[in-house]
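Protein chains in written order, with the numbering used here: chain A, 49 to 384; chain B, 406 to 1187; chain C, 3 to 209. Beta carbons: idealized from backbone N, C-alpha and C, even for Gly. Scroll down for the structure; my scribbles are underneath it.
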Amino acid sequence: MDSTMLPEVTAVGVIIKAVLILAVIAAIAGFGTYIERKILAFMQRRLGPQHVGPYGLLQLAADGIKLFTKEDIIPQHANKIIFAVAPVITAATAFIALAAVPVFPGFTIPLVDVYVPSIASDINVGILFVLGMMAAGLYGPLLAGMAQANKWGILGSARTAIQFLSYEVVTGLSILAPIMMVGSLSFVDFNDYQADGTWLVVYQPVAFVLFLIAGFAETNRTPFDLLEHEAEVISGYVTEYSGMRWGLFFIGEYANMITIGVIASVVFLGGYNDFWIFPGWLMIIGKIAFSFFFMLWVRAAWPHVRPDQLMWLCWKVLMPLAVINVVITGLVMMII
Amino acid sequence: MSEVQTVENMVSITIDGKEYKAKEGEYILNAARANDIFIPAICYLTRCSPTLACRICLVEANGKQVYSCNTKVKEGMEVTVNTPNILAERRAMMEVYDVNHPLQCGVCDQSGECELQNYTLELQVDSQSYSIPDTKRETSDWSSVLHYDAGLCIVCERCTTVCKDMIGDAAIKTTKRGGASLDKAWKDEMPKDAYAMWNKLQKSVIAPSNGTGSTDCSDCGECIAVCPVGALVSRDFVYTSNAWDLRKIPAVSAHSSDGFQIYYEVKPISIDNRDEKIYRVTNEWNYVSLDGSARFGYDYENRGVTKDKKAFDLAIEAFKKAKTIRFNSMITNEEAMMLQTLKEKMGIKLYNPEVRAFQKFLTLYADASGHSLYTSSMEDSMKSDFIVSVGGALRNDSPGLKYAFNNVQKMNKGAGLYFHPVGDTLIPSFGKSVSTFTHKVGLEEATLYLVLALFSDQDKLDSSVKDYITELGGKEGLIDLVGGDSKKFIKGFDKMMKKKERFTLMVGEDYYYHDRADNLAKLIALIEQTAGFNVVMNPPKSNALGVAIICDLDDNAEGYTVGYNEIGDFRLSALGDGDLDIPAFNQQEGTVTNLSKRVVPTNVALDYGGYELNDLMKELIDDAPEETIDWTKRLPTDRGYRAVEFDSLDNYYDNAGNEHRGYLLNVLFEERDTPKVEKFYDDTLLDGDIVYRCNPPRQFNDFSAKAHQIFEPFGLYVSSSKAESLGKKVEVVFDNGTIVVDVIEDKKMEGDIMALSDFKSAENVYGLFDGSRYASVTIKEV
Amino acid sequence: MSLEQFKNRNVGTQNYVKLDLAHTPTTGWGQFKQVVGRTFKPELFVGLWVTFREMGNALVGGKMHTTQYPFEKLPISPRYRAIHDMLRLMESGNYRCIGCGLCEKICISNCISMETKYDENQRKEVSEYTINFGRCIFCGYCAEVCPELAIVHGPRYETASEQRASFSLFEDMLTPIDKLNLQQEYDGFGAISPNADENIKPTPLAY
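Here you go:
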């Protein structure tokens, strides 16, 4: 795709895009809960939500109504301001990260002739920004856990902190190799790099696997869902949360899952390039959808690990592997 | 406790290889029971004669098969309870009892406490070998309380035995059933005793002995108590509850002065109303026999009372301005002690017309005899063999003494003399050696002179007394004077006196109200000294003895009066109609001093939510204790009580039949000179229409009247002949008032004296009689 | 299983299958080998395959496991012990309960109460009977002890209602007289065993 041919990006277009992302991703995040329940049910040969709307589709609305109408409880000894702000941080960082991620292909709204770009803000350090924002998302759980005056909360947030910080390293190192190859931090460049049809995963399988594993950890998905492991820390950092505050954490988590899916698709799986007879937008949606499905599939199939195993895996296995991968990539690039 | 068992009259016997001590002359069965050895027995009743109906108590004694209920122990006797032959006999007997016995344990009222069930299991009857066509046996109601299901009856004859040997009414008997006769082939096939038992059983059934469908008795219900199966049940209780659902609460019978041990059996009223009610009263029938008031007069509780602070405050005020407290004998020792405390601390007079005369008489007797209290008891009189009853309508006044009088005739080959102005047809039926004297009112002293003449060691008597007796015509003259036939009597008297060792004099209520009570008391003391009599007195009602000992009563009431279950300006009442509610007797715990001078504990059968006397005491005096029963240890030790905690008092009978209930009052003995008795005057004789203050059997007070199974109405009870001359309703005119009452026929009364009930305190019958038990009245037709 | 085997209470020598558990690695190298082994063995992917296969079975193969409870119900065993039923006599329609009170006595949670009276036919009549279902633990002793097989456990296991009392009165538990023909004989807890006749000795009759 030739970037010079793109129409001018106007402020209106960006705002529309931002609203679009917010609305669509929030909706998808909510809808994700329905999908998750449904997929897990099917994999366990159950039916899943069934009674609210056709095939239980309106379960999402019912849950939304429930979350909004539930009593908002702030514990007596909690730090009320931080307690209230923490979920917002989680949700906000999740959505802000999406600002630098190409979500859909760009299009022009007919009649008013406003171009809506595929990416809200095509900054040239997009990957860095996204990873940075996701890392900043750590503050949500951390503050939530510390503010709520609950031992499970604080334990949960401590776990969050170590898990996020540790796997941040693996994410960064694993994605470094592709960056070295592409030579840019912009998602658009990544996309264009793979325009010839050869996905980066072919060159960087190890980096892809490492990134996926780290992605699971950063989104708090099975097998790394230790932050709110009921048997050990009740609900972790969300122990004292209820209603829509709790819902914001949830939306943030699902938004992050989508973000990871987008990054994986764009960086490793060919981005939104056309493929055979399939147009690019369909491809990217398909890829994101698959990576989302994969997360659920894993949850249905695998048990989770212990906290010590998690750390052990990160520092003794994944991190060295990532470093070796970077070194080898560098060597190969130097030789070729 | 009551009897010191000396080593001399004990023999040693061997039961199943172990040596035991037994009282000489005791039946093997009782000796075994006293030593906690189990011998199966159905028909035997401890204090009655053996009937040999069940034959199941077979044992082997010195190698011979005997019935343990009628074989007396001998020194060195060797008893074997079970031999193969005896076990076969017993099993056969139980199988026979189970032949055609309706399989309705599921609905039977006795299920769970049924001796047929128990022994069928005990003897492991798991199959039946015998059969005979059944006879249709009808269910019938014998009286207002008795319900007989002939189909369930095993004709053990316990009911007839207790009615005859203990109660004295002999109102039921065995009659022919008209069933199929036994196949002779059985005689050879089955054990001998079992066959004999079956042969008798198959022919018999129980029926009222007067030949009609209904019994003519005092409705004591003792037959119900002794029935081992569900054949005899109170009409009120039929199919209302299973035995195991009822909670037993040991208590004391409330109405008569006998103070029998009873069990109130309680459970919730209904599914909707979980408050409890009393369903029935049961007793240890081997050792205690109840009268009708004790068995059926139980539901007089003061129900649904809550703490009414306003009424309570008014009561406090009333007590503060009261000059007199009027009460009756339906009161525990503890409450009597509280009232006495009020008298001591606040100077309130205590007025109790029921007890005052008795109290005075006790004092007179104590002065004359030197004994602080009469010496005998109900149990002791039951062990005597010659009983003289004076001054009381035995059938009405004291069921316990009536049972003793009757039991002595039946069990101890005893004899009895009964002196009373009111003729009674039942007493002579107690035994052949019973003589009744219907004397004129006012000749009470003459009767005692006759007793002196008949029984006293003439050497011990003062010459003046002897002279006076001679002056009166000696024995013969006195016999004729008190309404006897001297020739006939003297002839039989020697026979009556044969082998008699223990003499008891029963003194009734008439004497307490007698004008010359002091002379009577002296005569009684003299009889005791010179004729070797033991004396037992019948306290008028309930706890009259306790009240008489504990309270210093006054002769009259004056000023502002607080009535305690009695009339008064301010009324405390357990009947639910007073100014302040108080708990009824079955809602109280405390002690009662009974006729046998025993201080016996009674317990709370039903909850009570209101104030009790002790709550008032806490307001009125400084050192009132927390609970009513804390007064138990404050009872006056100088008057014979002991300073013991209520909770330390026992309340049971052991297997030997010894009574372990509370404690006996301490009786002090002092040596006294022979009392100087006085002559009597026959100008005190009453003439014209005479009314006697006396209740029908089973009625004693407002509470017995409230009970729903006691039907005897308030009225003027007269003999059949007298009833004819009176209308249905009469006006009885006393010197100081009149009363209009129904005339009720009492078939067991004789003569012209009429008995006016006094159990309704509102009628103030005590006031009409004005300190006497007999009154000359004018009868007007209404 | 033969009787000898059955009677052998010595559990250690019986045919128990022990789990084939591998040794836990103790050295760092061992642990590393284990991780590598597990990573490259398709172990993890087997798990993924199994879940995916089952999803296919459920969606396409018609092996969905869910019973949609209020609309579909599973058949329950006749021996199931749910809310009590009071049965009637088939012939006369009279209720079987004779008011013996054994259920009341045996009830270990003490939840049965009854009132009985002497009726005009000289019989014991049950005038009121309740079970407190707040306390009942459905142990089945009442059905076991009932000599008439009058109180039995019915199939009504859905015990949610606004008032639990609405199950508990005699009339509520009694078979409706118009549905007498639908009354099932109960062969659950307390019913007469099929060979009961063989186990008793007959009583001789004189007729």
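Opposite residue i in the DSSP bridges: which residues?
| i | result |
| --- | --- |
| threonine 830 of chain B | For threonine 830 of chain B, which the question treats as bridged, DSSP gives no partner whatsoever. |
| serine 609 of chain B | B/Lys581 |
| glutamate 1150 of chain B | B/Val1123 |
| alanine 1180 of chain B | B/Val1096 |
| serine 115 of chain C | C/Thr132 |
| glutamine 666 of chain B | B/Val657 |
| isoleucine 418 of chain B | B/Tyr425 |
| leucine 985 of chain B | B/Leu977 |
Is the Cβ of residue i closer than 8 Å to any Cβ of chain C?
| i | result |
| --- | --- |
| threonine 540 of chain B | no |
| alanine 262 of chain A | no |
| aspartate 650 of chain B | yes |
| leucine 358 of chain A | no |
| arginine 94 of chain A | yes |
| tyrosine 289 of chain A | no |
| glutamine 533 of chain B | yes |
| tyrosine 1122 of chain B | no |
| asparagine 961 of chain B | no |
| phenylalanine 90 of chain A | yes |
| valine 365 of chain A | yes |
| tryptophan 350 of chain A | yes |
Please confirm if residue i has its CB atom under 8 Å from at least one CB of chain A.
| i | result |
| --- | --- |
| leucine 21 of chain C | no |
| phenylalanine 53 of chain C | The question names phenylalanine, but residue 53 of chain C in the sequence shown is threonine. Threonine 53 of chain C counts as touching chain A. |
| leucine 46 of chain C | yes |
| lysine 65 of chain C | yes |
Which two residues bound the contiguous beta strand (DSSP E) that contains residue i?
| i | result |
| --- | --- |
| proline 154 of chain C | Inspection of the sequence shows that residue 154 of chain C is occupied by valine rather than by proline. 153 to 155 is the span of the beta strand (DSSP E), which, as asked, contains valine 154 of chain C. |
| glutamine 470 of chain B | 469 to 472 |
| lysine 927 of chain B | Element bounds for lysine 927 of chain B: not the beta strand (DSSP E) but the alpha helix (DSSP H), 922 to 936. |
| lysine 682 of chain B | 681 to 687 |
| alanine 791 of chain B | Residue 791 of chain B is actually phenylalanine in this sequence, not alanine. 791 to 795 is the span of the beta strand (DSSP E), which, as asked, contains phenylalanine 791 of chain B. |
| phenylalanine 732 of chain B | 729 to 732 |
| proline 1006 of chain B | 1003 to 1007 |
Would you kindly report the start and end of the unbroken alpha helix (DSSP H) that includes residue i?
| i | result |
| --- | --- |
| alanine 66 of chain A | 59 to 91 |
| lysine 818 of chain B | Where lysine 818 of chain B is concerned, there is no enclosing alpha helix (DSSP H), given that its DSSP letter is neither H nor E. |
| proline 758 of chain B | 758 to 774 |
| proline 368 of chain A | 367 to 383 |
| aspartate 546 of chain B | Counting along the chain, aspartate 546 of chain B falls outside any alpha helix (DSSP H), though it belongs to the beta strand (DSSP E) covering 544 to 546. |
Would you please verify whether the beta carbon of residue i is less than 8 Å from any beta carbon of chain B?
| i | result |
| --- | --- |
| glutamate 106 of chain C | yes |
| serine 230 of chain C | Past the boundaries of the shown model lies residue 230 of chain C; chain C is included only from 3 to 209, so the question cannot be answered. |
| cysteine 102 of chain C | yes |
| tyrosine 143 of chain C | no |
| leucine 184 of chain C | no |
| tyrosine 209 of chain C | yes |
| lysine 119 of chain C | yes |
| glutamine 124 of chain C | yes |
Tell me, please, whether the region 494 to 504 of chain B touches the region 600 to 608 of chain B by the rule of three or more beta-carbon pairs shorter than 8 Å. yes
Quick check for students: name the residue ranges of the beta strand (DSSP E) that lie wholly in the region 138 to 219 of chain A, counting only runs of 3 or more. 155 to 157 and 162 to 164
Decide yes or no for the touch test of the region 941 to 956 of chain B against the region 762 to 777 of chain B: beta carbon pairs closer than 8 Å, at least 3 of them. yes
For the 8 Å Cβ check, are there 3 or more pairs between the region 616 to 633 of chain B and the region 960 to 974 of chain B? With the cut-off at 8 Å, the region 616 to 633 of chain B and the region 960 to 974 of chain B do not touch.
Is it the case that the region 295 to 314 of chain A contacts the region 266 to 273 of chain A, given that we only count it when at least three CB pairs across the two stretches are under 8 Å? yes
For the region 212 to 230 of chain A against the region 242 to 256 of chain A, are there 3 or more C-beta pairs whose distance is under 8 Å? yes
Please give me, in chain order, every unbroken run of the alpha helix (DSSP H) with length at least 4 that falls completely inside the region 891 to 921 of chain B. 891 to 901 and 914 to 917
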